[in-house]
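Protein chains in written order, with this note's numbering: chain P, -6 to 528; chain F, 99 to 286; chain R, 352 to 705. Heads up, the beta-carbon is just placed ideally off N, CA and C, and yes, glycines get one too. What follows is a single structure, written as structure tokens, with notes after it.
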Amino acid sequence: MAEVKLTIDGISVNAHEGALVIDAARSAGIHIPHYCYHPALGNPGVCRLCLVEVEGAPKLQVACRLPVKDGMVVKTRSEAAKKAQAFSVELHLVDHPLDCPVCDQAGECLLQDYYQRHALHSSSVREDKLHKPKRVELGPNVMLDAERCILCTRCVRFLDEITGTRELGVFQRGEEGEIALTPGKRLDNPYAGNVVDLCPVGALTERDFRFQVRVWYLKSTPTLCTGCARGCSILLQTNPERRWHAGGRRAVRIKPRVNSSVNGWWICDEGRASWKAVDAPSRLKTPSWLKSGKAGAMAWEDAEKLLAAELAELCRVRGPEGLAVVLSGTLSNEDLYAAKKLFVERLRAGRLLVKPGPDQLGEEDGLLRRQARVPNLRGAQALGFGAALKECSWDSLLEDVLSGKVWGLWAVGRDPLAVWGEKGPAALSKLELTVHQAVHASAFTQAARWVLPSASWAEQDATFTNFQGRVQRARKALEPLGASRPDWRIFGGILRSLGGAWPHESPEPVFAELSLKEPAFAGLGFELPPEGASL
Amino acid sequence: MSGRITVKTVERPRMGLLEQVYVFEALRGLWVTSRHFFLNLWRHTLKAAGLKAEPGAVTIQYPEDPAVVARRARTRHRLLKREDGSPRCVACLLCETICPAKCIRIVAEESPDVMVEKRAKSFEIDLGECVFCGYCVEACPEDAIRMDSGQVEMSAHSREDMVWTMAELMGDQPKLRPIRPSKDPLAG
Amino acid sequence: MSSFWVDALWSAVKVLGAVGFGMGLAGILSWVERKQSALLQDRIGANRADILGYRLLGLFHMLADPIKLLVKEDFVPPQGQRFWHDLAPGLSLACATLCLAALPFGDSFELFGRSWSLRPLPMGAGVVFVLASLSVGVHGIAMAGWSSASAYSLLGGLRGAAQMISYEVAMLSILAAPLFLYGTLDLAEAVRWQARTLWGFLPAWGLLLQPLAFLLFLTAGAAETKRAPFDLPEGEAEIVGYFVEYSGMKFAMFMTTDFVESVVLAGLTTALFLGGWHLPGLGLLGLPQPLFALAGVGVFAAKVVAVLWLLMQIRWTLPRFRYDQLLALGWKGLLPLSLLNFAATAWVVWGWTR
């Protein structure tokens, strides 16, 4: 494509032919105010906010509909442009209620921002504001306040063009125009939550987040979603200080983070709700063991020592062939590397299971969601699981347990009882050693001899490899709950108690060693760019 | 508007010889204080003798006489109500945000009135932490909180009792102050 | 009874009387301090302590204070040196109390065929004794500052020591002039000297003959007692000083020391400048000699109280000096002026007596 050269606010800018002035300006670091335009959703040109002056043009031009031309001279901050932008903001505010104090968008509202930046007028409108339906439940996740809507139609276009589900439309005309559900529909598609992010004002709000906490209290951590093999880039928002809000939860909201090579601008509603698990009451907090039918909590040092002794003794007496280890793609690259060192290299466990069974499979669609509901399946494969390291399946494992070939079962983050169904309890009774290492309690937690609490994805620095082979960083947003710790630390601690070498106390050197030892990860560093890096 | 600061130089008054010698100025000071001393002594004596006299002191005898608080003084907060009796507060958390002592704790909830939208489920002020700066009053967009109760007696026997709840701040419920036997902090 | 035992008994009575006088006044001073300051500042002053609802002008604070201080914890800083920490306030108070012994409370009188002195310790060099005793008191302050193991205490102690030594120098040279005039170091003799009249009607008190020395002595004395406007070693609310690490009764002993020193200073001023037990016209009543001497004691006490009132008034009137101003006043103001005064006195006395 040919390059053209134009001048915006005195800065010389190169752009592809056919590009829009608003995009060319953005690439030069000049922000032209806009509501309706969205890079993924086209440019209806309805908000009339991006008016700029173009030399030679008789009137002001709409920057989001104006293609660049060679030699074009654009002024975004000329007196005429400034006046037009301010007037547009004023028109948008004619019927917009000034209820910022109770509006959840306050603090991240483009109307507020642009009023401060471009308008600062005192209203010349004497008439009363129009009243429209408030508190309309569009679907399970989204609430509409039609009064606050400025009819930018971003949500309508998203549902038309991206999901194709067309739940929303603009009804009536002129000042009575409003967004509403098309008859007979409900905004319940799996990507519905994105309309909340798209809405530049407080018209569409997230029902889970409504009135929970003000946005300016939140701390945002750029990390990734661990809900499926896609590994969407997200911002995990936490409420670090004022714990009386949001019911005392630390993690309160997830927003998509733009990453053109993974998820674009969107995330699915399942991922959007995944903060709920972080502070769920089912979280495991202390290592414990069952002794003569009673659960006894203990310190990590003791647990490591006792468990390692048990393992060593059983391996000596019964042989390592009978130890089965259930891992999964929910574990990070570092976790899997540590697991490999412990179970494969040190203990030589006879049976390994990594690939997702019925417990980790879900719906797949063409947009984002992947069938494998684990974030690091590709990473496990890159480390040799399933290829050089032979795997068993849930069914063969059940048979081996029932026939007495397996004496020990160590399940990490997965519940054999949920997969095996009614044969489960019988199988467990055959086992001499059961270990449940997990973030959340489940049926297996009650039955397992050992329970080791893992830290959740929000509580550690780690790397995950998505289905495209893109290695991305999860960043620590919170401290691990209770005594829970990252899985690699648990594996490393046992390894150390068994007499193996494990010098690492933080994830960075683990990854450094991994990238040295594993050819698939060669050349990668722990500090990855925000969009990740390919294997 | 120019950004220049205008500087006015104030000449320090020069002291004469008599002032520098200090003794005479000291005597002048002693004269003033002694005058007050003997005048007040005389007034107290007259009063003790049951005669009419001007008061010998200008101070307010606080625990016996009520405290005099200026009309504009920032005193204990109160929460205001609408005409229908519901609290004015819409739980916007602006006061909680601005509070430099972080002594305001509000939990928000959905209001049954769709036009009000949001209201406070609970609203607590920890007067033990409050610095009485009045920012909460300034920040409030609803005129829901004021510091004009005129009340300055807020002491309590425990930190928990220093926390005022919404009902107490609105005056719906008197602040209960259980007088407990003070516990020796060293007694464990 | 042998004359020795009579002497011993009489001495004991006098010593107890003197100590009682000093300590009693010191106790009352803690009340006066509050009430006098309140009066001159248009306040009421301490009035909360009561017995059965009677408040008696707040006099019970005099009782309440020691009770409170006595039952408080005697705290010694963990790094502090307990022995010296305990010794310091005792030494200070003892030195101040010792000075009381030299004060001439009254003239001696004849009864039962022998002479009875009204001085607790009749001695020829009373002035020197008092000054020496006050000097030893410095050790208490330095000791308190050092043994507290606190930088603030130590600095306060050093400030106190420097201040007191500076003003002792000045004090001696100030007293040189009146003592040269009286021609004695004996305080009783000095009082007797002042019993004469000038031109037949004016009492020959040091105040009139040595007004400059009186002024300088009062100034130096206020500095010596470490009270405002010279309270730099320990400035109550504002200046952390040498007894910051003290609590309870040991703290109270330091406070009492200041008051007792004030009493001593007032006694010395009375003896040297205000004619001691003399009151013009008292002789006209024609009292028998013992009664006359006892009345002298009353006169002396009254004069002491008056001087104490003046010191208290000064303390609540004048603002505190800066430390450099304090030392400059001592070395560059009081000392040269007192030397000039001494030279002038010596010259006049020489001219008079020749």
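In terms of DSSP beta bridges, what is residue i paired with?
{"i": "P:Ile536", "result": "Missing from the structure shown is residue 536 of chain P; chain P here goes from -6 to 528 and no further."}
{"i": "P:Leu424", "result": "Paired residue(s): none; P:Leu424 is not in a bridge."}
{"i": "F:Val261", "result": "F:Asp224"}
{"i": "F:Arg217", "result": "F:Glu207"}
{"i": "R:Trp467", "result": "R:Phe460"}
{"i": "R:Ile590", "result": "R:Gly586"}
{"i": "R:Tyr353", "result": "At residue 353 of chain R the sequence reads Ser, which differs from the Tyr that was named. R:Ser353 pairs with nothing; no bridge assigned."}
{"i": "P:His9", "result": "P:Glu(-4)"}
{"i": "P:Ala288", "result": "P:Leu283"}
Report the rounded CA-to-CA distance for residue i versus residue j, giving the unit in angstroms.
{"i": "P:Gly475", "j": "F:Glu208", "result": "32 Å"}
{"i": "F:Val121", "j": "R:His436", "result": "39 Å"}
{"i": "R:Leu367", "j": "F:Leu274", "result": "57 Å"}
{"i": "F:Gly248", "j": "F:His175", "result": "9 Å"}
{"i": "P:Gly485", "j": "P:Leu335", "result": "7 Å"}
{"i": "P:Cys57", "j": "P:Glu46", "result": "13 Å"}
{"i": "R:Val648", "j": "R:Met522", "result": "26 Å"}
{"i": "R:Ser307", "j": "R:Val699", "result": "Nothing can be reported for residue 307 of chain R, as the shown portion of chain R is limited to 352 through 705."}
{"i": "R:Trp556", "j": "R:Ala483", "result": "25 Å"}
{"i": "F:Glu117", "j": "R:Leu686", "result": "21 Å"}
{"i": "F:Asp241", "j": "F:Glu181", "result": "13 Å"}
{"i": "P:Ala380", "j": "P:Val14", "result": "51 Å"}
{"i": "P:Pro349", "j": "P:Leu161", "result": "37 Å"}
{"i": "P:Ser325", "j": "P:Pro233", "result": "25 Å"}
{"i": "R:His412", "j": "F:Cys197", "result": "42 Å"}
{"i": "R:Leu454", "j": "R:Ile665", "result": "23 Å"}
{"i": "P:Val189", "j": "F:Arg169", "result": "48 Å"}
{"i": "F:Ser280", "j": "F:Glu227", "result": "Reliability of the predicted coordinates at F:Ser280 is poor, the pLDDT of 46 falling under 50, and the value obtained from them is presented with this limitation in mind. Taking the straight line joining both Cα atoms gives about 21 Å."}
{"i": "P:Asn134", "j": "P:Arg166", "result": "27 Å"}
{"i": "R:Gly477", "j": "R:Ala644", "result": "20 Å"}
{"i": "P:Val271", "j": "P:Ala239", "result": "13 Å"}
{"i": "P:Leu445", "j": "P:Pro351", "result": "24 Å"}
{"i": "R:Ala527", "j": "R:Phe594", "result": "33 Å"}
{"i": "F:Val250", "j": "R:Ala588", "result": "25 Å"}
{"i": "P:Pro512", "j": "P:Gly518", "result": "13 Å"}
{"i": "F:Gln271", "j": "P:Asp92", "result": "30 Å"}
{"i": "P:Leu104", "j": "F:Cys238", "result": "21 Å"}
{"i": "R:Arg510", "j": "R:Lys577", "result": "10 Å"}
{"i": "R:Glu585", "j": "R:Ala573", "result": "14 Å"}
{"i": "P:Lys122", "j": "P:Arg203", "result": "24 Å"}
{"i": "P:Arg468", "j": "R:Arg673", "result": "59 Å"}
Could you tell me which chain F residues have their CB closer than 8 Å to the CB of residue i, listed as they occur along the chain?
{"i": "P:Pro94", "result": "Val188, Cys190, Leu192, Pro239, Glu240"}
{"i": "R:Glu667", "result": "The sequence given here places Trp at residue 667 of chain R; Glu does not occur at that position. Thr131, listed in chain order."}
{"i": "P:Phe204", "result": "Ala189, Ala206, Glu207, Glu208, Lys216"}
In chain F, which residues lie less than 9 Å from residue i when you measure between Cβ atoms?
{"i": "P:Lys127", "result": "Val212, Met213, Glu215"}
{"i": "R:Gln664", "result": "Leu128, Thr131, Ser132, Phe135"}
{"i": "R:Leu566", "result": "Val121"}
By the criterion of Cβ-Cβ separation under 9 Å, what are the contact partners of residue i in chain P?
{"i": "F:Thr195", "result": "Arg207, Trp209, Tyr210"}
Please compile the residues from chain P whose C-beta is within a distance smaller than 8 Å of the C-beta of residue i.
{"i": "F:Val205", "result": "Trp237, His238"}
If you measure beta-carbon to beta-carbon, which residues of the stretch 386 to 405 of chain R are closer than 8 Å to chain F?
Contacts with chain F (Cβ-Cβ distance below 8 Å) from the stretch 386 to 405 of chain R involve Gln387, Ala389, Leu390, Leu391, Gln392, Asp393, Arg394, Ile395, listed in chain order.
At a CB distance below 8 Å, what residues from the stretch 416 to 446 of chain P approach chain F? Give them in sequence order.
Legend: CB atoms of the stretch 416 to 446 of chain P lying less than 8 Å from CB atoms of chain F are not found in any residue.
Residue ranges of each alpha helix (DSSP H) run of no fewer than 4 residues wholly in the stretch 77 to 144 of chain P, ordered along the chain?
103 to 107, all fully within the stretch 77 to 144 of chain P.
Return the chain-ordered ranges of every beta strand (DSSP E) run that is complete within the stretch 27 to 64 of chain P and spans a minimum of 3 residues.
Listed in chain order, they are 44 to 47.
When Cβ atoms are compared, which residues of the stretch 122 to 136 of chain F fall closer than 7 Å to chain P?
If the cut-off is 7 Å between Cβ atoms, the stretch 122 to 136 of chain F has nothing near chain P.
For the stretch 139 to 159 of chain F, which residues have a CB atom closer than 8 Å to at least one CB atom of chain R, in sequence order?
Listed in sequence order: Leu139, His142, Gly154, Ala155, Val156, Thr157, Gln159.
Could I get the ranges of all uninterrupted alpha helix (DSSP H) runs contained in the stretch 641 to 693 of chain R, with 4 residues as the minimum, in chain order?
The qualifying runs are 674 to 679.
May I have a chain-ordered list of the beta strand (DSSP E) segments no shorter than 3 residues that lie completely inside the stretch 315 to 389 of chain P?
As summarised for the stretch 315 to 389 of chain P, the continuous beta strand (DSSP E) elements at least 3 residues long and confined to that stretch are 316 to 319, 344 to 346, given in chain order.
At what residue ranges does the stretch 156 to 201 of chain F contain a whole run of the alpha helix (DSSP H), taking only runs of 4 or more?
Entirely contained in the stretch 156 to 201 of chain F, the alpha helix (DSSP H) runs reaching 4 residues are, in chain order, 192 to 196.
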